[in-house]
Each structure stands twice: as C-alpha cells, then as structure tokens.
Amino acid sequence: MSFRILDALPILVLRFGETINKVPDNRNGRHGLENKKAMGFRTLSGKVLALDVDGEYEEVKIWIEPPQPPTISGISLLPSRESHDLHRKELAPLGRKAGIYLRVETRTGLEDLLAWYS
1 MSFRILDALP
11 ILVLRFGETI
21 NKVPDNRNGR
31 HGLENKKAMG
41 FRTLSGKVLA
51 LDVDGEYEEV
61 KIWIEPPQPP
71 TISGISLLPS
81 RESHDLHRKE
91 LAPLGRKAGI
101 YLRVETRTGL
111 EDLLAWYS
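Residue numbers (full-length UniProt numbering): 1 to 118.
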C-alpha cells in the first residue's frame, strides 16, 4: 500500500491546523472552500508549505520554502512545478517556482521532513 494524499492530509492538519489559502472570493460559489490544486499550511516558525492536490491523488507531493532538505529516507526531490494556487499572498514564498518540490513516499518520511522543516 502506498502513502497517499488522504494519508498525509490529516497529519498536516493535526500538526499545523486548517489550511491558510482557502478560496478568498465567491468565484463559482466556492468562497471559503479548499483550493483544488494546492492546500497551504503555516509552521509555528512562520514558514509555509503546500500539499499538491492537483492530479495524482496516489502520490504525495509537497512544496516547501528553500533551502533543499537534507537526505531523508522516503523523500525525493522533483523538478520544480508551478501552480497558480501558490500565487496567493499566503503562499507567495512558494510561487513562481521558488518552492522546493518533493515527493513523499512514507509517513515516516513526512514526519521527518516536517520535524526538519518546522
């Protein structure tokens, strides 16, 4: 069984609370709902990260602010990727391909990444 978005999301919510980039206006009747491409969170130290929820739901992919993390088992670096949901002010440090884009393959890998990042 693989580590999926539905496995990662509760970990992120329990650790950081609600997403910080809900839809800001009533476009298509979605005001206050979750974004469809990236769900953003803020650490206690003020850094942001975003869970990529656009497309492959079976793979967990996350953007974090630089610098690139150390080698962590279950975490692999991916080519940078743009998402328009990252352009909102809450996630600006990740937008315009500034964020480090990572694949998270295991729960332990996610927990180790979050411990380092936080």
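Here a beta-carbon is modelled for each residue, glycine too, at the ideal position from N, C-alpha and C.
Give, in chain order, every unbroken run of the beta strand (DSSP E) that is at least 3 residues long and sits entirely within the segment 44-83. 48-52, 60-64, 75-77
Span separating the alpha-carbon of Met39 from that of Thr71: 24 Å
Which residues share a DSSP beta bridge with Leu113? Note: Leu113 sits in no beta bridge, so no partner.
For Glu65, tell me which candidate among Glu59, Phe41, Gly55 has the shortest Cα-Cα distance. Phe41
Judging by CA-CA distance, which residue of Ile20, Gly109, Leu78, Arg4 is the nearest neighbour of Lys89? Ile20
Which of the three DSSP states, helix, strand or coil, is assigned to Ile20? Reduced to three states, the DSSP call for Ile20 is coil.
Determine the closest residue to Asp61 out of Ala115, Asp112, Ile100, Val48, with distance taken between C-alpha atoms. Position check: residue 61 holds Lys in this sequence, whereas Asp was assumed. Among Ala115, Asp112, Ile100, Val48, the Cα nearest to that of Lys61 is on Ile100.
Tell me which same chain residues have a C-beta within less than 7 Å of the C-beta of Leu114, skipping the five on either side of it? Counting only Cβ-Cβ distances below 7 Å, and skipping sequence neighbours, we find Arg15.
Sort Lys37, Lys97, Gly74 by Cα distance to Ser80 and report the nearest one. Lys97
Smallest Cα separation from Lys37: which of Leu86, Leu9, Val104? Leu86
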